[in-house]
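K.L.:
Provided herewith is a single structure, encoded as structure tokens, for subsequent inquiry.
Protein chains in written order, with the working numbering: chain A, 2 to 91; chain B, 2 to 533.
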């Protein structure tokens with residue numbers, strides 16, 4: 002089951018309320034549009050950790066740029082992390 | 002030595018036509034291809050009316066094609082104005098209004114922005130060229146030529162009437178009144194630094210050089226012409242890699258770079274995420290940084306891991322072309338609190354620390370840093386007033402010197418140290434930002450009664466955080482998100498505040514001025530970075 006859909010509004014809200022970036026749609030390309038630079042991105046990760054208890058580590062060697070290209074992709078990636086934690090995968 | 006920058010590529014094309022000149026991912030141009038394509042573009046530009054000294058805006062993403070565009074414009078005896086494709090249309094429009102270009106070279110990704118710019122400036126007369134194999138169009142423009150038209154033109158450069166003292170490009174920097182300033186850079190300005198740097202660092206043919214900084218940024222001038230002058234290969238770094246430190250480190254590893262040159266915030270970002278392993282990047286010979294202060298702990302991090310690399314701090318504003326002084330750090334600093342000097346002047350340049358009367362201050366005392374020599378720009382584009390204020394006559398030598406606005410100290414061992422700014426200009430993530438320009442954008446908003454912009458040092462990698470204190474108009478609902486959106490139409494993303502505080506009235510000092518030190522205190526004590 003893909004629960005990533007549930008995270009989309011949450012991540013959209015984090016963008017708006019914490020980073021002050023209004024993302025028009027979950028599929029807006031954040032990288033091409035220049036909406037997310039490294040500064041906004043690092044702040045997003047901090048807030049996902051504090052608000053959602055999802056630890057997206059920039060040091061994860063499996064983290065790809067495509068995982069960050071839109072709110073939907075970020076939600077998918079975060080959900081996959083949550084599932085691997087729940088399943089006890091290190 | 003060459004007379005004009007484009008001759009670097011023509012010389013290399015004769016010596017090593019098949020060697021790779023510029024690479025971005027799968028897209029690669031050899032010296033032969035780069036030389037021929039830029040010559041064809043120059044003929045094409047002239048055929049459609051581009052004259053000597055005309056400005057040509059470059060509105061395109063970082064790519065080998067963008068390098069063709071630069072060289073093509075130079076070979077046409079015109080000057081290019083590199084523009085930030087991520088810049089909001091209103092700011093780009095101010096650059097267009099100030100530089101009055103003859104035309105624009107664009108790509109499909111920037112066509113919507115170009116359309117907006119033309120609508121804002123009413124400059125339908127601009128000649129638009131597409132550097133893709135298909136025409137571009139918008140509501141307000143249609144391209145006059147595209148890449149597929151270039152084949153019809155001769156592939157040897159047209160005769161040039163330009164000399165070394167003709168302008169090669171205009172670089173726009175943040176202006177304190179909200180109007181970006183165009184710095185005129187001549188062929189000689191760039192050649193002076195490139196020749197010094199290639200000889201000093203011993204850059205040779207076949208080296209693999211990073212192209213990390215954006216093309217509208219002064220430092221990229223060295224990446225490009227340093228590479229072309231040596232017959233090396235420029236590896237353009239995809240901007241998205243800046244988000245992922247490990248991917249950025251992978252890029253350096255995979256492309257086997259021999260030279261890395263970036264702003265310090267990128268290096269600190271790599272260090273913070275421990276992306277560099279001990280003895281990593283075995284091909285790397287030298288690591289250079291410029292544009293802001295590299296925190297000593299970051300330098301120690303790299304020097305401990307990369308003992309085979311030489312580390313050099315470069316210093317200098319756009320007005321003095323790329324860099325004017327250097328300091329190669331011989332041994333890993335023992336004291337992580339000790340600042341890294343900006344060093345001594347590069348050959349052909351002068352680095353002076355002067356007092357208010359224009360006299361050199363004795364070693365140990367603080368003064369303002371002035372620069373003279375071959376890198377000095379002729380001045381700001383069509384702005385004699387600002388030019389006269391910043392470019393002075395040195396009473397000692399009668400030569401020109403540029404007032405940097407940076408404070409410095411000459412140490413007893415002859416090295417100069419940078420101590421900060423004498424005004425409200427800041428550096429954030431390597432970008433030079435006039436807080437006055439940010440403030441002017443906020444003052445233009447009707448929903449605010451008053452606002453003030455201050456910067457505070459950050460404990461992260463970005464250098465300074467821009468903070469906005471504001472008072473909304475009565476009965477107007479204002480949020481930082483809404484403000485950011487409105488001001489985002491006027492300012493590029495890197496100038497947008499990261500912290501916000503709302504007030505019923507701004508704190509003022511005894512003279513009735515906004516109490517900026519108090520605002521800085523309030524922002525510094527704000528734990529989450531959000532006061533809304």
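Beta carbons: idealized from backbone N, C-alpha and C, even for Gly.
Count the other CB atoms within 10 Å of the CB of residue 77 of chain A; is the residue buried (16 or more) or exposed (fewer)?
P.N.:
buried
K.L.:
Go to residue 190 of chain B, then tell me how far its alpha helix (DSSP H) extends in each direction, as first and last residue.
P.N.:
The continuous alpha helix (DSSP H) containing residue 190 of chain B extends over residues 188-202.
K.L.:
Tell whether a beta-carbon distance below 7 Å holds between residue 341 of chain B and residue 326 of chain B.
P.N.:
no
K.L.:
Helix, strand or coil for residue 14 of chain B per DSSP?
P.N.:
helix
K.L.:
Classify residue 33 of chain A as helix, strand or coil using the three-state DSSP reduction.
P.N.:
Coil, per DSSP.
K.L.:
According to DSSP, is residue 37 of chain B part of a helix, a strand, or is it coil?
P.N.:
helix
K.L.:
Would you say residue 28 of chain A lies against chain B (beta-carbon separation less than 7 Å)?
P.N.:
no
K.L.:
The beta strand (DSSP E) with residue 168 of chain B in it runs from where to where?
P.N.:
168-174
K.L.:
Span of the beta strand (DSSP E) holding residue 328 of chain B?
P.N.:
326-329
K.L.:
Have a look at residue 9 of chain B and residue 84 of chain A and give me their C-alpha separation to the nearest angstrom.
P.N.:
56 Å
K.L.:
Is it buried or exposed for residue 111 of chain B, if we count other Cβ within 10 angstroms and need 16 for buried?
P.N.:
buried
K.L.:
Taking only beta-carbon atoms, is residue 241 of chain B less than 7 Å away from chain A?
P.N.:
yes
K.L.:
Taking Cβ to Cβ, would you say residue 121 of chain B is nearer than 7 Å to residue 79 of chain B?
P.N.:
no
K.L.:
With DSSP as the reference, identify every bridge partner of residue 260 of chain B, one or two as the case may be.
P.N.:
B:210 and B:287
K.L.:
For residue 46 of chain A and residue 57 of chain A, which I take to be in contact (beta-carbon distance under 8 Å), what is that distance rounded to the nearest angstrom?
P.N.:
5 Å
K.L.:
Could you tell me whether the Cβ atoms of residue 506 of chain B and residue 455 of chain B are closer together than 7 Å?
P.N.:
Cβ atoms of residue 506 of chain B and residue 455 of chain B: not closer than 7 Å.
K.L.:
Counting contacts by CB-CB distance shorter than 7 Å, is residue 62 of chain A in contact with chain B?
P.N.:
Closer than 7 Å to some Cβ of chain B, the Cβ of residue 62 of chain A qualifies, so yes.
K.L.:
Going by beta-carbon coordinates alone, are residue 487 of chain B and residue 446 of chain B separated by less than 7 Å?
P.N.:
yes
K.L.:
With a threshold of 6 Å, establish whether the CB of residue 258 of chain B neighbours any heavy atom of the ligand ZN.
P.N.:
The model depicted lacks the ligand ZN and carries no ligand whatsoever.
K.L.:
Rounded to a whole number of angstroms, what is the C-alpha to C-alpha distance between residue 52 of chain A and residue 15 of chain A?
P.N.:
9 Å
K.L.:
Starting from residue 534 of chain B, trace the alpha helix (DSSP H) in both directions and tell me its first and last residue.
P.N.:
Outside the shown range of chain B, which is 2 to 533, sits residue 534 of chain B, and nothing can be said about it.
K.L.:
Do residue 44 of chain A and residue 20 of chain A have their C-beta atoms within less than 7 Å of each other?
P.N.:
yes
K.L.:
Residues of chain A with a CB under 9 Å from the CB of residue 495 of chain B: which are they?
P.N.:
What residue 495 of chain B touches in chain A: 38 and 40.
K.L.:
Closer than 7 Å, CB to CB, is residue 68 of chain A near chain B or not?
P.N.:
no
K.L.:
Hey, out of B:101, B:328, B:25 and B:308, whose CA is closest to residue 315 of chain B's CA?
P.N.:
B:328
K.L.:
Is residue 319 of chain B buried or exposed, if buried means 16 or more other CB atoms sit within 10 Å of its CB?
P.N.:
Burial call: buried.
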